[in-house]
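**Student:**
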Amino acid sequence: MASVSGTHLPQAGQTANGNGALSALDALNAFLGTVQSGAVVTAVTDLYLCYELQSTTATPMALVPAWCVSTDTADYYVSCYTGAVSSG
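Numbered according to this note's numbering, the sequence shown spans residues 129 to 216.
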């Protein structure tokens, strides 16, 4: 793929809080919950906005805005809409 263009339109009702997308602080708090539930991490090395490719039966391929939390062991993605954490 050489390029992608278009407009991202979030699905109705897909905001993390009534104020729009998740802030960096809220993303780190969501990530902290993952670490406290058993993920082995000793250091966060980077935090940046990205798009995560998600696929469901309703939307076969969607690029969803997320925060990427890079650590010394793995990268984690925090959805800007829901605060859900996944590992990559």
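Built from N, CA and C at the ideal position, the CB exists for glycine as well.
Would you mind working out which of Val-163, Ser-214, Ala-158 and Ser-198 sits nearest Leu-175, comparing C-alpha positions?
**Tutor:** In the sequence shown, counting from the first residue as 1, residue 175 sits at position 47. Among Val-163, Ser-214, Ala-158 and Ser-198, the Cα nearest to that of Leu-175 is on Ser-198.
**Student:** Pick from Tyr-179, Ala-186 and Ala-190: whose alpha carbon is nearest that of Gly-216?
**Tutor:** Here the question's residue 216 lines up with position 88 in the sequence shown. Measuring from the Cα of Gly-216, the nearest candidate turns out to be Tyr-179.
**Student:** Return the chain-ordered list of same chain residues with a C-beta closer than 6 Å to the C-beta of Val-169, the five sequence neighbours on each side being excluded.
**Tutor:** To locate residue 169, count along the sequence shown from 1; it is residue 41. So the qualifying residues of the chain are Val-163, Thr-199 and Thr-201.
**Student:** To the nearest angstrom, report how far apart Thr-184 and Thr-210 are at their CA atoms.
**Tutor:** Residue numbering aside, residue 184 sits at position 56 when the sequence shown is read from its first letter. Residue numbering aside, residue 210 sits at position 82 when the sequence shown is read from its first letter. Rounded to whole angstroms, Thr-184 to Thr-210 spans 16 Å at the Cα level.
**Student:** Leaving out five residues before and five after Ala-144 in sequence, what residues of the same chain have Cβ atoms less than 8 Å from its Cβ?
**Tutor:** Looking up residue 144 in the sequence shown gives position 16. Note that Ala-144 scores 44 on pLDDT, short of 50, meaning its location in the model is unreliable; the coordinates nonetheless yield the value given after this. The answer, listed in chain order, is Leu-150, Asp-154, Ser-207, Cys-208, Tyr-209, Thr-210 and Gly-211.
**Student:** Suppose only complete runs of 4+ residues qualify. What are the alpha helix (DSSP H) ranges in the region 152–211, listed by chain order?
**Tutor:** 152–164
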